[in-house]
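Q: Positions in the sequence shown are counted from 1; adding 17 to them yields my numbering.
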Amino acid sequence: MWVKPSDLFRPCPDADITDTTCDLTYPSDVTPSHKTWLDNYFAGSHNPWQQTKYPFTGLGYTYDWCSGGTSPVGASEYIVRSGAVAQVIGYTTADVYCAK
Numbered sequence: 018m019w020v021k022p023s024d025l026f027r028p029c030p031d032a033d034i035t036d037t038t039c040d041l042t043y044p045s046d047v048t049p050s051h052k053t054w055l056d057n058y059f060a061g062s063h064n065p066w067q068q069t070k071y072p073f074t075g076l077g078y079t080y081d082w083c084s085g086g087t088s089p090v091g092a093s094e095y096i097v098r099s100g101a102v103a104q105v106i107g108y109t110t111a112d113v114y115c116a117k
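What follows is the structure, encoded as structure tokens:
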């Protein structure tokens, strides 16, 4: 998938897409809109009354469900901003992805 970098952010307190880690606390320059978005995302992800539940680390990565390896760290997470244009250039099945 291709998206303009300016149309991406990380789902963690530090929304910067150019670093390799996510901070656990909000940086001093966090925008109010990002803080509100992330607070709501956390609440929706971990709501005990929600029918469908899914893991959300808040650390900018997904859990590695595939490898059976020693690290739980999987692929990096990015969010495409609302209204952005994303071009799908290919896809793969979960089986093929996990075999990599």
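We put the beta carbon where it would ideally sit given N, CA and C, even for glycine.
Measure how close the beta-carbons of P30 and P44 come, nearest whole angstrom, since I'm counting them as under 8 Å.
A: The Cβ separation is near 7 Å, so the contact holds.
Q: Would you kindly report the start and end of the unbroken alpha helix (DSSP H) that includes A92?
A: A92 -> not in any alpha helix (DSSP H); beta strand (DSSP E) instead, spanning V90 to S93.
Q: Could you name the residues of the same chain whose beta carbon sits closer than 6 Å to that of H51, not counting the 5 residues immediately before and after it, in chain order?
A: Result list for H51: A32, in chain order.
Q: Bridge partners for V97 per DSSP, in chain order?
A: Answer is L25, bridged to V97.
Q: Which residue marks the beginning of the alpha helix (DSSP H) containing T79, and which one marks its end?
A: Careful: T79 lies outside any alpha helix (DSSP H), inside the beta strand (DSSP E) at Y78 to Y80.
Q: Please classify G100: is it buried, with 16 or more other beta-carbons within 10 angstroms of its beta-carbon, or exposed?
A: Exposed is the call here.
Q: Looking at the secondary structure, which residues open and close the alpha helix (DSSP H) in which T53 lies?
A: P49 to S62 is the extent of the alpha helix (DSSP H) around T53.
Q: Is L55 buried or exposed, if buried means 16 or more other CB atoms sit within 10 Å of its CB?
A: Answer is buried; the Cβ neighbour count reaches 16.
Q: Can you tell me which residues form a DSSP beta bridge with W19?
A: Answer by DSSP bridge pairing, in chain order: Q104.
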